[in-house]
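In the working numbering, the protein residues as written are 5 to 354.
Glycine residues also receive a C-beta, built at the ideal position from the N, C-alpha and C atoms.
Contents: one structure, followed by commentary.
Structure below.
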């Protein structure tokens, strides 16, 4: 099960916030009540899809630096900044490194859909966070950082949906640093568009690449017990119709190689593999391409690309994690203009 993105949640308020709240009295209690309701609602909304860590409200540069250092030391996928009420814009300066390093979202938030006809001073301040958010835009521009901006009230679905999408994408991007992709056996010389600079792939995006030889595939296939191969062939014959031109001997060999392919993937803890299925060596060593898609592969998160396309396989991994749906390596087979459909598919275990 995919873990929730980890979000750091930072609220800003003006310096006089503590003076008013700590001053006591009916006005301070009312303001504190508003602030607690609004910040709690924001955390509640974001917590439905994310693991949220809320930091103390920033009301001074000292607190800003403390929170910034905590975020930099923590393992967060994204950070959400929100002006709970109007606030001094200088606090953003302390978060320059955070805004550069962590995917960050500035939420220009409003607490109510329709303001009251008459407002006392505290009710007016309650809705002043949007002023602080807009005021801070120029500081952000001058710092040369580029966070995401989301505007909308806590009563709307759209801003929360946008934040959730950004947070999930940020998590997937960060997780790429731990991804391990295989290529069997090497790149496809028939399509140079599939060539990938592995140094850039590793240093700029994250996935490490492991080469799997045809001999490794053969050894893994030969190690599959005969009874397991026979059981797989029987299952295929029971569930599917087989073209008469496919002999049981060829089907058995295909089953063995496909199970060996599965074994290599899981033995090497691969998150994805790019099978260069047109390489002559592959057919010389094992006699065919591993074309059957085993059930263990189908129910896993592992993606299988073809044509030795590391870039395409990386994209498949991203789509799998972003959508939580299976992803298939395909090419266009035909176009039906009358039905307005595109027929796609690909040979091999994708």
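Exercise for the section: Go to residue 231, then tell me how far its alpha helix (DSSP H) extends in each direction, as first and last residue. Expected result: Walking along the chain shown from the start, residue 231 turns up at place 227. Counting along the chain, residue 231 sits inside the alpha helix (DSSP H) bounded by residues 230 to 243.
Practice task
Go to residue 188, then tell me how far its beta strand (DSSP E) extends in each direction, as first and last residue.
Solution key: Along the chain shown, one-based indexing puts residue 188 at 184. Boundaries of the beta strand (DSSP E) harbouring residue 188: 184 to 188, taken from the DSSP string.
Handout entry: C-alpha gap between residue 266 and residue 95, whole angstroms
Key = By one-based count along the chain shown, residue 266 stands at place 262. By one-based count along the chain shown, residue 95 stands at place 91. Approximately 53 Å, taken between the alpha carbons.
Practice task
Whole angstroms is fine: what's the gap from residue 170's alpha carbon to residue 161's?
Solution key: The residue given as residue 170 occupies position 166 in the chain shown. The residue given as residue 161 occupies position 157 in the chain shown. Separation of residue 170 and residue 161 (C-alpha to C-alpha, rounded to the nearest whole angstrom) is 14 Å.
Practice task
Whole angstroms is fine: what's the gap from residue 97's alpha carbon to residue 166's?
Solution key: Reading the chain shown from its first residue, position 93 is the one you call residue 97. Reading the chain shown from its first residue, position 162 is the one you call residue 166. In this structure, the CA atom of residue 97 is about 25 Å from the CA atom of residue 166.
Problem - Interface flag, residue 325 vs chain D, CB-CB below 8 Å - result: Looking for chain D here will not work: only one protein chain is present.
Handout entry: Coil, strand or helix - residue 369 by DSSP
Key = Since the first residue shown for the chain is 5 and the last is 354, residue 369 is missing from the structure and cannot be characterised.
Handout entry: Nearest neighbour of residue 45, chosen from 146, 159, 229 [CA to CA]
Key = In the chain shown, the residue the question calls residue 45 occupies position 41. Nearest option by C-alpha distance: 159.
Exercise for the section: Determine, using beta carbons only, whether residue 36 and residue 87 come nearer to each other than 8 Å. Expected result: The residue given as residue 36 occupies position 32 in the chain shown. The residue given as residue 87 occupies position 83 in the chain shown. Taking 8 Å as the cut-off, the Cβ atoms of residue 36 and residue 87 do not count as close.
Practice task
Compare the Cα-Cα distances from residue 214 to each of 273, 224, 281 and report the closest residue.
Solution key: On the chain shown, position 210 is the one that residue 214 refers to. With respect to the C-alpha of residue 214, the residue from 273, 224, 281 having the closest C-alpha is 273.
Handout entry: Residue range of the unbroken beta strand (DSSP E) whose run includes residue 310
Key = For the purposes of this step, residue 310 is taken as residue 306 along the chain shown, with counting starting at 1. Per DSSP, residue 310 is one residue of the beta strand (DSSP E) stretching across 307 to 310.
Practice task
Examine the Cβ distances between the stretch 60 to 69 and the stretch 113 to 124 and report whether three or more of them are shorter than 8 Å.
Solution key: They do not touch, by the three-pair rule.
Practice task
Report back the beta-carbon spacing between residue 109 and residue 152 to the nearest angstrom; my notes put them in contact at under 8 Å.
Solution key: Numbered from its first residue, the chain shown carries residue 109 at position 105. Numbered from its first residue, the chain shown carries residue 152 at position 148. At roughly 5 Å, the Cβ-Cβ gap stays under 8 Å, so residue 109 and residue 152 are in contact.
Exercise for the section: Give a yes or no on contact between the stretch 246 to 263 and the stretch 289 to 304, applying the rule of three or more CB pairs nearer than 8 Å. Expected result: Counting Cβ pairs under 8 Å, three or more are found: they touch.
Problem - Beta-carbon contacts of residue 90 that lie in its chain and below 6 Å, excluding the five residues immediately before and after - result: Within the chain shown, residue 90 is the residue found at index 86, counting from 1. Cβ within range, chain order: 18, 132, 135, 136.
Problem - Other residues of its chain near residue 8: CB distance less than 6 Å, five sequence neighbours each side excluded - result: As a first step, residue 8 must be located in the chain shown, where it is residue number 4. If we look at residue 8 and ignore the five residues flanking it on each side, its Cβ neighbours are 54, 55.
Handout entry: One or two residues paired with residue 87 in a DSSP bridge
Key = What you label residue 87 is simply residue 83 of the chain shown in a count that begins at 1. Among the bridge pairs identified by DSSP, residue 87 is matched with 16.
Exercise for the section: Name the one or two DSSP bridge partners that residue 109 has. Expected result: In the chain shown, the residue the question calls residue 109 occupies position 105. Looking at the DSSP assignment, residue 109 forms a beta bridge with 84, 152.
Practice task
For residue 266, name the three-state secondary structure that DSSP assigns.
Solution key: Reading the chain shown from its first residue, position 262 is the one you call residue 266. Looking at residue 266 - three-state DSSP - the assignment turns out to be helix.
Handout entry: Nearest-angstrom Cα separation, counted from residue 324 out to residue 164
Key = Counting from 1 along the chain shown, the entry for residue 164 is found at position 160. Counting from 1 along the chain shown, the entry for residue 324 is found at position 320. Distance between the alpha carbons of residue 164 and residue 324: 22 Å.
Practice task
Output the distance between the C-alpha atoms of residue 219 and residue 205, rounded to the nearest integer angstrom.
Solution key: Looking up residue 219 in the chain shown gives position 215. Looking up residue 205 in the chain shown gives position 201. Their backbone Cα atoms lie some 26 Å apart in a straight line.
Practice task
Tell me whether residue 104 sits in a helix, a strand or coil according to DSSP, three-state version.
Solution key: Numbered from its first residue, the chain shown carries residue 104 at position 100. If DSSP states are grouped into helix, strand and coil, residue 104 belongs with the helices.
Exercise for the section: Could you pull out every residue in the same chain whose Cβ sits closer than 6 Å to the Cβ of residue 57, ignoring the five residues on either side in sequence? Expected result: Here residue 57 refers to the residue found at position 53 when the chain shown is read from its first residue. The beta carbon of residue 57 lies closer than 6 Å to those of 12 in the same chain, with the five residues before and after it left out.
Practice task
Within its chain, find whatever has a CB closer than 6 Å to the CB of residue 68; leave out the 5 residues flanking it on each side and keep chain order.
Solution key: Here residue 68 refers to the residue found at position 64 when the chain shown is read from its first residue. Contacts found: 62, 95, 98.
Practice task
Flag this pair as touching only if the stretch 188 to 198 and the stretch 276 to 286 have three or more C-beta atom pairs under 8 Å; answer yes or no.
Solution key: Verdict: yes, contact present.
Problem - Residues near residue 300 in its chain [Cβ-Cβ closer than 7 Å; skip 5 each side] - result: To locate residue 300, count along the chain shown from 1; it is residue 296. Closer than 7 Å at Cβ, skipping near neighbours: 266.
Handout entry: One or two residues paired with residue 338 in a DSSP bridge
Key = Here residue 338 corresponds to residue number 334 of the chain shown, with the count starting at 1. Answer is 347.
Practice task
In angstroms with no decimal places, state the Cα-to-Cα distance between residue 49 and residue 250.
Solution key: For the purposes of this step, residue 49 is taken as the residue at position 45 of the chain shown. For the purposes of this step, residue 250 is taken as the residue at position 246 of the chain shown. If you draw a straight line from the Cα of residue 49 to the Cα of residue 250, it is about 56 Å long.
Exercise for the section: Please report the residue range of the alpha helix (DSSP H) in which residue 327 lies. Expected result: For this step, residue 327 is matched to residue 323 along the chain shown. First-last of the alpha helix (DSSP H) with residue 327: 314 to 327.
Practice task
Taking 8 Å as the threshold, find out whether the stretch 311 to 331 comes into contact with the stretch 172 to 183 through three or more Cβ pairs.
Solution key: In this structure the stretch 311 to 331 touches the stretch 172 to 183; the number of beta carbon pairs closer than 8 Å is three or more.
Exercise for the section: Assign residue 1 to one of two classes, buried (16 or more other C-beta atoms within 10 Å of its C-beta) or exposed (fewer than that). Expected result: Absent from the structure is residue 1, since the part of the chain shown begins at 5 and ends at 354.
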